[in-house]
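Residues 5 to 940, numbered by the working numbering, are exactly what the sequence shown covers, in order.
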Amino acid sequence: MGSVVKRSTLLVFLLCFSYSVLPVRGFVLKNTCRISLDVAKCTGNEPKLKAVPQDIPPTVTGFDLSSNKISCIRSSNFQNLQLLVWLDLKGNSIKEVDRGAFAHLISLKKLNLNGNQLGSLVAGLFDGLQNLTELRVSRNRIKTVAPSALKALASLTFLDISNNALDEKVQPVFQLPNLQELVMAGNKMSVFQSGDLTNTSLKLKLLDLSKNPIRIFRITADIFPNLTWLNIGGTFKTQQITWDVGTFLGRVNTLDISELRLDLGHVTPLLASLDASLTVLRMNQMSCSLAALINISCSIPTMLKLQLGRNRLRSVSSSMFHLCSNVTELNLMQNQIDSVDKRTFRSMPQLTVLSLSNNNLSSVPAATRNLPALMELDLSKNRIQAVRCGDFANLTSLRQLNLYANSISALSHCVFKDLTQLRVLKLQNNSISKLSGAFQLYLQNLRQLHLNSNRLAAISRGEFRGLPSLQNLSLHSNQINKLANGSFFGLKNLIGIQLQSNQISAKVLVNGVFNDLINLRRLDLRNNRIGYNSIRPLANPPFRQLSLLETLEIPSQHRRLKSHLPCNILEGLSNLSGFNCRNSQLLSLSKNMFTYTPRLQRLDISSNDFTDLPPDLFHPIPQVRSLYISRISLRSLDFIKKAKLDQLEFLQARRNVFSVVSEDVVEALPELAYVDFQGNSFTCSCDNAWFLQWAQKNNHTQVFDAYNFECNYPRKEKGKKLLGLDTQSCVINTDFICFVSTTCAILLLMAASFAYHFLRWQLTYAYYFFLALLVDTKYKNRETPHQYDAFVSYNAHDELWVLRYLLPTLEEQQGWRLCLHHRDFEPGKPIVENITDAIYGSRKTICVISRRYLESNWCSREIQVASFRLFDERKDVLILIFLEDIPISQLSPFYRMKKMLKRKTYLSWPRAEGHPLVFWEKLRQALLEKETVQLR
């Protein structure tokens, strides 16, 4: 018995243990944050957060809290995020930060506090951030920095503390041992002296002091031995500056003095101190003589890059750059240039990059011709109306040409004839309506062509045949309504083409316009007029030859009429991984739609007019990982149960009409990591109890914005939060039931084992006792006519004695009517019912008792029924005949029999051997005796 109990206890333990370690599968945040690839993004959503959310999983490595309304950071806000690598808090209203608020972020490397309301950097603010390498506190209200505020930042290499209210007391900033880049622009520093900053050499490589009202700039010690980039532009307005740098900035190669208000007498010594290292000089929006500044700058032998933007130049003369023979990059953007002398750049034989962007040029200046070293020319955002055949003469090294945002209306076939090495051509945002063969011959090496946002209405055959190396073609936002067969002939290396926002119809696609794009990977046809009347297969599917295509987008068609997609429209797309037909007014999808795309991983069919999706629609695409099915009037998600989406990780099903998310649906998506059910009509009932518990208690699948789900049914619950539903009455407490049922089973097993060992015979008797009692109630107080004088109860082994002695004597000699079970029981009737009817249908019951009689189940039942008749009717109806001498001690297990023998006489056949006549006479008298009431 002990072993049974041990086994039962072990079973209970295993059951309860297995229940407690079931793998978790989902979680929900109490805010509008999203978790993706271990990054928590809590920005760009409404309502704005006013405090740092506390339910972010501790496994995240990135946390974006920008553009919210957080006003204070508490010491407990980030205590569970030890794995966080970057934290973005820009664009909040943070005024207060508890000391040690970031102390738990031991892995943090980047911290962004830009655009807040911090008034100072106090001691202990950055405690614990020993691994921080990048800190941004720009656009706050910082006036002071405590001496020990930055002490913990031993690993910091980048600090942006620009656009605050710092004065010259910034010594703590220059105590950072590993700082390499420091941005202090837009503060209130009036004095910058090396003696006030530090006594040791720093590792600083970049220093930005622009837009400070500096009056004194003095470097008298070699504290910046590694400084190569310095910006002091716009540091003073009208006041004079004391400039003393000696030779301690001799390694600076990039200098920005834009917007300085000073005369040449102050610029000359500055530039002279950099004579041996300066390669890049930015002089934007200068107030002094620009021509003189250019001459001084170009006299530096190392000068390579010159930026002269926003200087209000109207024209450029031939002498302006006559000393700039070493310059390789010249930037003249955002001036007011409308004319350029044709000899302006002839003195710059090494010029490789020239920008004339954002000026008033009406044509391509002749000065840009015949520059054999030029590799990049930017003429964008001017007023150029036409480009002619000689405009780019001899620019044989040009790699990139920017002509976007002009007023060019047409091209000519010879305009690009000399640009044999051109890689990138940007012609977008013009008024081009005709290409006129411009791309049929010369641009053999062109990789990117941008023709979007023009007025193209048609593409004729072979229009791009001269572009065999082209990889990306942008034609979106035109007026294209005609694509001739062979429009893209020659573009065998094209990888991506953008055709969205045109007027392309289904009729345009039937002539095999894409057949030549055998290496195409991306095709965008959004916002066109593609629509079909039925799902019947097409004779010539438009994408049949695009076997390498990976992404196809055809959503948001202009035509508002309802449409279909032919069942074989995707034929040939065996490598397609992304398909988007969002907002195409589709009424249905053929179940065979995706039989041609077995590698599809991202599918967006949102904002159409489906009401249901057949499960077998998804059977051909078992690799789908992202599914968008929002706004398609789905009444149920049951199709997912049979859709075989075993690898689905992302599911967006916003604004449908389903009300219940069942357990079967979620279990059919074992890899689900993110789900979005916003805007559905949820039922607040036990039907959603499992979904609510799954969403709240598990931690593998994020249920986005679940705390804002609202009830729509029943009416009395409408508008209430779904997660506010009390599900306790719906859910079976498995733990408790497991405990109670197992405990009861163990106790029952112990009780049964005890009873069997010690009370076996008493229980056996009790069983028959209650069985007879149950049967006897049927006949209680019922007057049954006596059909027989006596019912004879005997064991089959004693049948010979009954037939040889009892039956002849009582029936043949004395004339009694006896009932014998083998002779008088009704066939087909239950045996218990036959026994009961025989006993109650006889005046007396004769029990022929032997040892085998006492051991017989059926005999025991017969004597039990007879005993209960004796008990029930209180009549002496029982006659006992013992065929064997059985000591009373052996009757102990038969408690009722033993009790009967103590108060009732009985007949013994062994004792009547010598006097059989006396035995039969006594039996006759017993049968004659009336059923008198027996007092018990």
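Note that beta-carbon positions come from the ideal geometry of N, C-alpha and C, so glycine has one too. Here the structure is a predicted model, which is why all the values come from computation and not from measurement.
- In this structure, 681 is the residue among 681, 725 and 836 with its C-alpha nearest to the C-alpha of residue 705.
- For the pair residue 285 and residue 310, the CB atoms are nearer than the 7 Å cut-off.
- Between residue 838 and residue 866, the alpha-carbon positions lie close to 10 Å from each other.
- Per DSSP, the beta bridge partners of residue 686 are 715.
- For residue 923, the enclosing alpha helix (DSSP H) stretches over residues 920-932.
- If you look at residue 233, you'll find it in the beta strand (DSSP E) that goes 233-235.
- The DSSP-derived three-state label of residue 454 is strand.
- Apart from the 5 residues on each side of it in sequence, residue 481 sits with its Cβ closer than 7 Å to the Cβ of 456, 457 and 505 in its chain, given in chain order.
- By the Cβ neighbour-count rule, residue 94 is buried, with 16 or more other Cβ atoms within 10 Å of its own.
- For residue 190, there is no enclosing alpha helix (DSSP H), as DSSP marks it with neither H nor E.
- By the C-beta criterion, the segment 698-714 is judged to be in contact with the segment 667-681, since at least 3 inter-stretch pairs fall below 8 Å.
- Shown here, residue 584 sits in a strand according to DSSP, grouped into three states.
- Boundaries around residue 852 are those of the beta strand (DSSP E), 846-853, since no alpha helix (DSSP H) includes it.
- Residue pairing by DSSP puts residue 462 in a beta bridge opposite 486.
- Assignment of beta-bridge partners to residue 44 by DSSP yields 39 and 67.
- Contact between residue 148 and residue 124 holds, with the beta-carbon distance rounding to 5 Å and staying under 8 Å.
- Burial of residue 882 is indicated by the presence of at least 16 other C-beta atoms within 10 angstroms of its C-beta.
- Under the Cβ criterion (8 Å, minimum of three pairs), the segment 738-745 does not count as touching the segment 64-77.
- Only exposed fits residue 755, as fewer than 16 other CB atoms lie within 10 angstroms of its CB.
- According to DSSP, residue 568 shares a beta bridge with 536.
- Taking one beta carbon from each stretch, the segment 372-379 and the segment 312-331 have fewer than 3 pairs nearer than 8 Å; the two do not touch.
- Within the segment 304-381, complete beta strand (DSSP E) segments of at least 3 residues are found at 309-311, 333-335 and 357-359, given in chain order.
- Apart from sequence neighbours up to five positions away, the residues of its chain that approach residue 131 with a beta-carbon distance below 6 Å are 104, 107 and 156, ordered along the chain.
- In the three-state scheme derived from DSSP, where H, G and I count as helix and E and B as strand, residue 385 is classed as coil.
- When the Cα atoms are used, residue 439 and residue 416 turn out to be separated by approximately 7 Å.
- Three or more beta-carbon pairs drawn from the segment 542-561 and the segment 575-587 are found closer than 8 Å, and the two stretches are therefore classed as touching.
- Nearest in C-alpha terms to residue 819, of all of 792, 836, 835 and 845, is 792.
- With a cutoff of 7 Å on beta-carbon distance, residue 391 and residue 368 are scored as near each other.
- Boundaries for residue 147: no alpha helix (DSSP H) harbours it, and the DSSP string shows neither H nor E there.
- By the neighbour-count definition (other C-beta atoms within 10 Å, threshold 16), residue 728 is an exposed residue.
- In the structure shown, the three-state DSSP call for residue 300 is helix.
- Residue 245 and residue 213 have their C-alpha atoms some 14 Å from each other.
- Between residue 684 and residue 660, the gap from beta carbon to beta carbon is short of 7 Å.
- One thing to note: residue 579 has its Cβ within 7 Å of the Cβ of residue 554.
- Rounded to the nearest whole angstrom, the CA to CA distance from residue 596 to residue 621 is 7 Å.
- Between residue 790 and residue 809, the alpha-carbon positions lie close to 24 Å from each other.
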